[in-house]
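For the sequence shown, UniProt numbering gives the first residue as 1, with consecutive numbering after it.
Glycine included, each C-beta is placed from N, C-alpha and C at the ideal position.
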Amino acid sequence: MWIIDVTASQYTSHKLCTAMEFRLCVLLFVCLSTVFGELKVSNNGQDHVTLGQEAHIDCSYDGSVSWYVLRWKRKFSPTGEFITFLNSPSNSLSTDWAENIDISFKDRVRPSIRQAGQGVVFTIIIYKFRCDDAGTYVCEVVTSKGDVQNVTVLDVTAPPETPRLPQDVLEVKEGMQFRLFCHANVGLPSAKLRWSYKMPNSDMYTLLENDPPQQDALLPNDCRYKTEKIVQLTMSKDLNGAIFRCFVATRPDMFDESLVSFPGYSNKPTTTEDPCIETNCKPHELKDDPNRGENKSPCSVLLISIFVLSYICR
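Here it is as structure tokens:
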């Protein structure tokens with residue numbers, strides 16, 4: 001029996017061919033492809049699946065053999081062994097799960113098989129894609145004349161999360177060294193964090209020179225990375241009231257900030273509405289307001305209230 005691996009629409013035999021046998025092998029492969037039919041696997045462009053999203057894999061088979069069985073296999077880590085987890089019996093649109101399949105995987109997979117022209121399409125949808133779902137998936141057709149396989153590889157990705165700084169305000173005495181800590185889950189592949197700063201009375205953020213290294217580590221029982229990025233500076237008058245920002249390099253809108261100041265420093269934002277500069281201050285004029293009545297003394301208000309109550313009680 002021959003076992004044929006099909007990758008990138010080419011048939012490769014486990015039996016090696018010498019240079020003199022090359023033409024014979026090519027002819028043999030053409031004959032075998034005619035006998036077995038055509039087997040294709042498509043991941044619908046999902047080479048990279050976002051963590052928690054769905055993955056769709058189609059296996060289409062169009063063959064002329066009267067008996068065949070379609071199977072889905074998955075590469076099992078860390079042994080590297082391929083384990084069959086789904087079968088579709090010949091001449092049937094039903095699917096059967098193999099025994100001893102991890103229930104957490106089985107509960108998140110929806111298989112289906114449908115007729116497509118003269119052949120069939122065997123589809124699996126993996127919901128809530130997890131780290132351990134990534135890997136090599138094999139669709140195999142088993143016939144009385146041999147087996148044919150085709151593969152696809154799914155990688156997992158994860159977006160970064162917003163960085164966090166432990167303190168909104170850090171008070172430091174002049175001349176003392178201080179450190180700012182930035183923590184973030186930076187996803188997969190690991191996103192880069194950057195530091196920038198804004199001086200007092202300035203609207204411009206400047207990237208920090210001598211950007212410190214990023215210390216990545218895998219999250220426990222996860223494939224995503226967490227990181228810590230630390231900046232160390234010496235407090236000076238120029239830095240009093242400065243704002244330091246830690247952000248994701250590819251997503252500047254994802255950031256956290258910390259104000260650095262001398263003890264007791266207050267940096268309240270100023271309003272641009274009706275600015276008052278030195279002697280140009282003018283009192284605010286009251287605008288006409290139809291909802292604003294005349295000022296009434298407490299006595300007049302009391303008399304009106306008594307009158308209304310007496311009218312109601314009549």
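ask   = Thinking just about the alpha-carbon of each residue, which of 74, 173, 99, 87 is nearest to the one in residue 113?
value = 87
key: Contact set for residue 94: own chain, Cβ-Cβ below 6 Å, skip 5 residues either direction   = none
request  = Look up residue 203 in the DSSP assignment and say whether it is helix, strand or coil.
outcome  = coil
task = Check residue 269 in the structure and name its three-state DSSP category.
result = Unreliable positioning characterises residue 269 in this predicted model, as indicated by a pLDDT of 42, which lies under 50. The coordinate reading is nonetheless provided below. Coil at residue 269, not helix or strand.
message = Just to confirm, is the Cβ distance from residue 72 to residue 82 under 7 Å?
response = no
request  = Output the distance between the C-alpha atoms of residue 177 and residue 51, rounded to the nearest integer angstrom.
outcome  = 40 Å
key: residue 143 versus residue 53: straight-line alpha-carbon distance, rounded   = 35 Å
ask   = Where does residue 131 fall in DSSP's three states?
value = helix
query = What does residue 111 pair with, by DSSP beta-bridge criteria?
reply = 124
request  = Under the assumption that residue 158 contacts residue 193 (Cβ atoms under 8 Å), give the Cβ distance between them as a whole number of angstroms.
outcome  = That belief does not hold up - the Cβ atoms of residue 158 and residue 193 are roughly 16 Å apart, past 8 Å.
Close beta carbons around residue 21, own chain, < 7 Å, minus the five adjacent residues each side = Here residue 21 scores only 47 on pLDDT, less than 50, and its place in the model should not be relied on; the value that follows carries that caveat. Same-chain partners within the cutoff: there are none.
ask   = Is it buried or exposed for residue 99, if we count other Cβ within 10 angstroms and need 16 for buried?
value = exposed
key: Status (buried if at least 16 other CB within 10 Å, exposed otherwise) for residue 140   = buried
Contact belief for residue 68 with residue 92 at Cβ below 8 Å, rounded distance in angstroms = So it is not a contact: roughly 11 Å between Cβ atoms.
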